[in-house]
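Following: one structure in structure tokens, then a few remarks.
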Amino acid sequence: MIAELRARFNQSFSPEKYALLLDCLRRECGVPVEFRVAETPVFVDRALLDQMAQAGIEITRILMSDPAYLAAARRAIPAGYDVAKETRHPNFLTADFALVQDRDGELAPRLVEIQAFPSVFAYQAVLCTAYRQVYGLHDGLGCFLGGLNEEGYWDLLGRTILGRFEPEAVVLSEIDPLHQKTRPDFEITARRLGIAIVDISKLVTVGETLHYGEADGSSRRIGRIYNRAIVDELIARDIRLPFDPAHAWKVEWAGHPNWYFLISKFAIPWLSRAPLAHPAVPPAAFLDEFLEGPGRAELEAAGVPIPADRGRGTVYRDLLLKPLFSFAGKGIQFEPTQEQLESVARDERHGYLVQQRMSFVPTIETPHGRTQAEFRILYLWPDEGSLSPVLSLVRLGRGRMMGVDHNKGFSWVGASAAFFPL
Numbered sequence: 479m480i481a482e483l484r485a486r487f488n489q490s491f492s493p494e495k496y497a498l499l500l501d502c503l504r505r506e507c508g509v510p511v512e513f514r515v516a517e518t519p520v521f522v523d524r525a526l527l528d529q530m531a532q533a534g535i536e537i538t539r540i541l542m543s544d545p546a547y548l549a550a551a552r553r554a555i556p557a558g559y560d561v562a563k564e565t566r567h568p569n570f571l572t573a574d575f576a577l578v579q580d581r582d583g584e585l586a587p588r589l590v591e592i593q594a595f596p597s598v599f600a601y602q603a604v605l606c607t608a609y610r611q612v613y614g615l616h617d618g619l620g621c622f623l624g625g626l627n628e629e630g631y632w633d634l635l636g637r638t639i640l641g642r643f644e645p646e647a648v649v650l651s652e653i654d655p656l657h658q659k660t661r662p663d664f665e666i667t668a669r670r671l672g673i674a675i676v677d678i679s680k681l682v683t684v685g686e687t688l689h690y691g692e693a694d695g696s697s698r699r700i701g702r703i704y705n706r707a708i709v710d711e712l713i714a715r716d717i718r719l720p721f722d723p724a725h726a727w728k729v730e731w732a733g734h735p736n737w738y739f740l741i742s743k744f745a746i747p748w749l750s751r752a753p754l755a756h757p758a759v760p761p762a763a764f765l766d767e768f769l770e771g772p773g774r775a776e777l778e779a780a781g782v783p784i785p786a787d788r789g790r791g792t793v794y795r796d797l798l799l800k801p802l803f804s805f806a807g808k809g810i811q812f813e814p815t816q817e818q819l820e821s822v823a824r825d826e827r828h829g830y831l832v833q834q835r836m837s838f839v840p841t842i843e844t845p846h847g848r849t850q851a852e853f854r855i856l857y858l859w860p861d862e863g864s865l866s867p868v869l870s871l872v873r874l875g876r877g878r879m880m881g882v883d884h885n886k887g888f889s890w891v892g893a894s895a896a897f898f899p900l
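Numbering (our numbering), first residue to last: 479 to 900.
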């Protein structure tokens, strides 16, 4: 963290400026922002963000070049959700990193999770602009990665979402989109690109094509879907799609749904052991392999303290239990007991992992003491182009978990952004 910039910001901060920031976001989004926005951006060296961004690219290349991994990940796609016309690569990727202390006492990034799925690409750019304008951040501070400026960022985002189609043939689809917390991002995306926001459960099939209804009662054919619907939520809410995902409809996907499974938390146990091991990935094992296979011994060999006792009351203080395909931290258990691990049904255990719990180093000086930061690198990969880091998203927290839902009642926490000296 850059101490000089941190101290200067803290000295000039006022509650009135923060209120202006929230007002600015409300105006730009056109709807209320229902998740907590942090009072402050963070100021970091560009080299740290580049290190994280490069790790995410390396990890993605490792996974996409390993047929055994991809075959195993494909088997994890739930029945009925293996979507036809899979693309050669994902269009969107996010990689989340914790800052931990390495053996030399230096800050080092460690992967929390990686997901080939869109994030709040449009909202995050607007948040950066709002921070800059309201707090008067000088022009010598940048926020875009991959050699992009603001204009280049919006151009690349547009090309990735629209592909070869005009905006009127592209939709942003989600489950009940007007009641999602990410609606501010949807509204900005729709306004900037000129695309419609539609409920994926309301699409209509016409022959071999998909359509959506407009306000005047007419129907418009869809050429490309910017997919924001998460299969985990479709299953949890027992939503039956009005079209068969396995059928080869005459439609393209911006963010093909299969990639949500192919590059996900499912990869973490693979990335923590040979031959796919990457140094930024902490030790992990699938739950079934931990309870009845080599996973326990592998974690011990990697240096994770594992109690010798396997009684039902045994507590694994250095582990997390995570469902593989949940979103926003749902279902994570800290310090699980043997009883909790064994309570997962035997035929469901391969859908969970146990992972070494990382100790986030509090690095952000605030009026309420030091705060932890989790960094998300956002990547774009257009149909005809290369994988590129484009922006970072930061979550500040002092709670047990970093998501905004897990830091309620605190101030100087929540969704933030990173700036670096150019």
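Beta carbons are placed, not taken as given, at the ideal position from N, Cα and C, and that holds for glycine.
When DSSP builds the beta bridges, which residues end up paired with Phe764? Within the DSSP secondary-structure output, Phe764 pairs in a beta bridge with Leu831.
Per DSSP, the bridge partner or partners of Ile855: In DSSP, Ile855 forms a bridge with Ala573 and Ser870.
What are the partner residues of Val515, as DSSP defines its beta bridges? DSSP lists Ala893 as partners of Val515.
Comparing C-alpha positions only, which one of Phe575, Leu571, Phe513 and Phe487 sits nearest to Val839? Taking Val839 as reference, the option from Phe575, Leu571, Phe513 and Phe487 with the minimal CA-CA separation is Phe575.
For Asn705, the three-state DSSP class (helix, strand or coil): In this structure, Asn705 counts as strand in the three-state DSSP scheme.
For Arg514, count neighbouring Cβ atoms within 10 angstroms of its own Cβ and tell me buried if that reaches 16, exposed if not. With 16 or more Cβ atoms within 10 Å of its Cβ, Arg514 is classed as buried.
Compare the beta carbon distance of Val709 and Tyr738 with 8 Å and say whether it is the shorter of the two. Taking 8 Å as the Cβ cut-off, Val709 and Tyr738 qualify as a contacting pair.
Report buried or exposed for Gln611, applying the criterion of at least 16 other Cβ atoms within 10 angstroms of its Cβ. Looking at its Cβ environment, which holds fewer than 16 other Cβ atoms inside 10 Å, Gln611 is exposed.
By how many angstroms is the C-alpha of Ala557 removed from the C-alpha of Tyr857? The alpha-carbon atoms of Tyr857 and Ala557 are separated by roughly 28 Å.
The segment 549-565 contacting the segment 716-726, beta-carbon criterion three pairs below 8 Å: When C-beta atoms of the segment 549-565 are compared with those of the segment 716-726, three or more pairs fall below 8 Å, so the two segments count as touching.
For Arg751 and Glu776, which I take to be in contact (beta-carbon distance under 8 Å), what is that distance rounded to the nearest angstrom? With a contact defined as Cβ atoms closer than 8 Å, Arg751 and Glu776 qualify at about 6 Å.
Mapping the DSSP letters down to three states, classify Ala786 as helix, strand or coil. Looking at Ala786 - three-state DSSP - the assignment turns out to be coil, as it is neither helix nor strand.
Assumed close pair Asn569, Gly733 - CB separation to whole angstroms, cut-off 8 Å: With 8 Å as the limit, Asn569 and Gly733 qualify as a contact, their Cβ atoms being about 5 Å apart.
Please go through the same chain and pick out, in chain order, the residues whose beta-carbon is closer than 6 Å to the beta-carbon of Cys606, but skip the five residues on each side of it. Only Cys621 and Ala895 meet the Cβ criterion.
Report yes if the C-beta distance between Thr538 and Ile741 is below 8 Å; otherwise report no. Yes. Within cutoff.
Considering only their Cβ atoms, is the gap separating Arg524 from Glu843 smaller than 8 Å? The answer is no: Cβ separation not under 8 Å.
Alpha carbon of Glu817 to alpha carbon of Arg788, nearest angstrom: Distance between the alpha carbons of Glu817 and Arg788: 9 Å.
Pull up the CB-CB distance for Pro899 and Leu619, whole angstroms please, since I reckon it's below 8 Å. Contact holds; Cβ gap of about 6 Å.
Are the CB atoms of Ile480 and Phe521 nearer to each other than 8 Å? The beta carbons of Ile480 and Phe521 sit closer together than 8 Å.
Please determine, among Thr815, Ile855, His846 and Ala745, the residue with the shortest C-alpha to C-alpha distance to Ala550. The shortest C-alpha separation from Ala550 is found at Ala745.
Mind checking Asn627: buried by the 16 CB within 10 Å criterion, or exposed? That one is exposed.
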